[in-house]
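Novice: Residues 8 to 396 in this note's numbering are what the sequence shown lists, from first letter to last.
To start, I am sharing the structure in question, which I have written as structure tokens.
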Amino acid sequence: MNSSIRRPAPLRHALLLCAALALAPAARADINIGVILSVTGPAASLGMPAENTVKLWPAEIAGQKVKLTLLNDASDPTESARAATRLVNEQQVDVIVGPSLTPNSVAAMEVAGRAATPIIALGGGNVIVEPVEGPRRWAFKMPAPEALSVNAVLEHMVKHGVKKVAAIAVTTSYGEGFLKALRERAPARGITVVTAEQYNPADLSVTSQILKIQAANPDAVYILSFGTPGALPHLELVKRGYKGAIYQTHGVANAQFLKLGGRDLEGSFMAVAPVLVAEQLPDSNPTKAAGVDYASRYESRYGAGTRSLFGSTAWTALIWLQAAVPEALKKAPPGTPEFRGALRDALENMREVVTPEGVFTMSPGNHNGIDDRAQVMVRIENGSWKLAD
């Protein structure tokens, strides 16, 4: 057909109107986000602040309305897999945020990855995203990797003269990942791991493990656990008169842990994301403004001192989406496989995205994308978090 032939004006107008109507639903399509959290069970102290934070999210991202579906996995990986299956099959979500724990995140990741749906996991273990192949091509997570956190703790131990450390780890992939990182890195710092005990998150007693630890006479004890289960060995150590330094992981950094442990937690240390002490950071810290902003939003709604790393991860997930969604929208509308693929690509190509958790730069081989700006040492003093020397 000769392209110079012009259609009658009424026909041209009708065709333009049809085209506009065809595009309108795509332009107005909601971004469908599924959220899986541990609101009950042993990890409730992680899931509840994340749920509170999701309630602070805006109604739109990049001008598109957001539809949220929140599901509780009750701290059970099997329930996480079921929830992810429901979200991808029934809700046809564009992205999943969560779950709260490492094993649960792995279970959900397998489902999401097979369904070609991106997942922003809130669990801490690198097993969620490494190696970046198969279903893990669709998985991203923001908590600092075990090695980064352990390095910060070991540097602090060296500075304070620790030569012998004992570990007690929870028997999940989270605890195992931290224990592996500790064993690999301690010798290079001149620190000997004199014993490594383990316990189940549901255990009610760790007396035998703590007795073995005390018999090894360590300068410090490193508890590799999460949530309220992380308090159990700590309280037992104090009860039995242990006088050395006690370190925890970021897995316990929430107000409920402080309340549960009370004065028995005084003087203990952990490496955490900077948001926990955002106001105490020097102005030169690139995360300070983002951390203060989040803490102010959260604590103005839920009360002074209620912030936690686990709420902050949910806010960081929002910031990631605010960075990635505009790029994905250039390729396809929400609700389509093309949009989900474009969103995955946009997350993988984020550069210097500043959040309360740290500064993120992703790559095809790195779906965590964080560096040492994501960790500071804190000390528990008077029932609150203090930036440590």
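Don't be surprised by glycine CBs; every beta carbon is placed ideally from N, CA and C.
(1) Label residue 374 either buried or exposed according to how many other C-beta atoms from any shown protein chain fall within 10 Å of its C-beta, with 16 as the threshold for buried.
(2) Taking contact to mean at least 3 C-beta pairs separated by less than 8 Å, is the stretch 48-56 in contact with the stretch 257-273?
(3) Determine the DSSP secondary structure at residue 317, reduced to helix, strand or coil.
(4) In angstroms, rounded to a whole number, what distance separates the CA positions of residue 182 and residue 92?
(5) Is it buried or exposed, residue 360, if we count other Cβ atoms within 10 angstroms and call 16 or more buried?
(6) Taking only three categories from DSSP, how would you classify residue 383?
(7) Closer than 6 Å by C-beta to residue 90: which residues in its own chain qualify, once you throw out the five before and the five after it? Chain order, please.
(8) Kindly indicate which three-state DSSP category residue 116 falls into: helix, strand or coil?
(9) Using a Cβ-Cβ cut-off of 7 Å (strictly less than) and excluding sequence neighbours within five positions of residue 353, which residues of its own chain qualify?
(10) Please identify the residue among 99, 276, 82 whose C-alpha is closest to the C-alpha of residue 114.
(11) Could you say which of 68, 339, 283, 143 lies nearest to residue 313 if we only look at CA atoms?
(12) What does a CB cutoff of less than 6 Å around residue 48 pick up in its chain, not counting 5 residues either side in sequence?
(13) Under 8 Å: do the stretch 163-179 and the stretch 134-149 share three or more Cβ pairs, one atom per stretch?
(14) If you scan the stretch 156-213 from start to end, which runs of the beta strand (DSSP E) of 3 or more residues do you find wholly inside it?
(15) According to DSSP, simplified to helix, strand and coil, what is residue 377?
(16) Around the Cβ of residue 32, are there at least 16 other Cβ atoms within 10 angstroms (buried) or fewer (exposed)?
Specialist: Taking the definition as stated:
(1) Working through the sequence shown from its first residue, we reach residue 374 at position 367. Burial call: buried.
(2) Flag = yes, the stretch 48-56 and the stretch 257-273 touch.
(3) Position 310 of the sequence shown, counted from the first residue, corresponds to residue 317. In the three-state reduction of the DSSP assignment, residue 317 falls in the helix class, which pools H, G and I.
(4) Residue mapping note: residue 182 aligns to position 175 of the sequence shown, counting from 1. Residue mapping note: residue 92 aligns to position 85 of the sequence shown, counting from 1. Here the C-alpha atom of residue 182 lies approximately 26 Å from the C-alpha atom of residue 92.
(5) Numbered from its first residue, the sequence shown carries residue 360 at position 353. Around the Cβ of residue 360, a 10 Å sphere holds 16 or more other Cβ atoms; the residue is buried.
(6) Residue mapping note: residue 383 aligns to position 376 of the sequence shown, counting from 1. In this structure, residue 383 counts as strand in the three-state DSSP scheme.
(7) By 1-based counting over the sequence shown, the position of residue 90 is 83. If we look at residue 90 and ignore the five residues flanking it on each side, its Cβ neighbours are 43, 78, 80.
(8) Locating residue 116 in the sequence shown gives position 109, counting from the first residue. DSSP places residue 116 in helix when its eight states are reduced to three.
(9) Taking the sequence shown and counting its residues from 1, the one referred to as residue 353 is at position 346. Within the same chain, Cβ atoms closer than 7 Å to the Cβ of residue 353 are found at 331, 334, 335, the five residues on either side in sequence being excluded.
(10) Position 107 of the sequence shown, counting from 1, holds the residue named residue 114. Comparing Cα-Cα distances from residue 114 to each of 99, 276, 82, the minimum goes to 82.
(11) Within the sequence shown, the letter at position 306 stands for residue 313. For the residues 68, 339, 283, 143, the minimum Cα distance to residue 313 belongs to 283.
(12) Taking the sequence shown and counting its residues from 1, the one referred to as residue 48 is at position 41. 81, 82, listed in sequence order.
(13) The answer is no - the stretch 134-149 does not touch the stretch 163-179, with fewer than three Cβ pairs under 8 Å.
(14) With a minimum length of 3 residues, the continuous beta strand (DSSP E) runs that stay inside the stretch 156-213 are 171-177, 199-206.
(15) One-based indexing of the sequence shown puts residue 377 at position 370. In this structure, residue 377 counts as coil in the three-state DSSP scheme.
(16) Here the question's residue 32 lines up with position 25 in the sequence shown. The predicted model places residue 32 with a pLDDT of 41, which falls under 50 and marks its position as unreliable, so this point remains unresolved.
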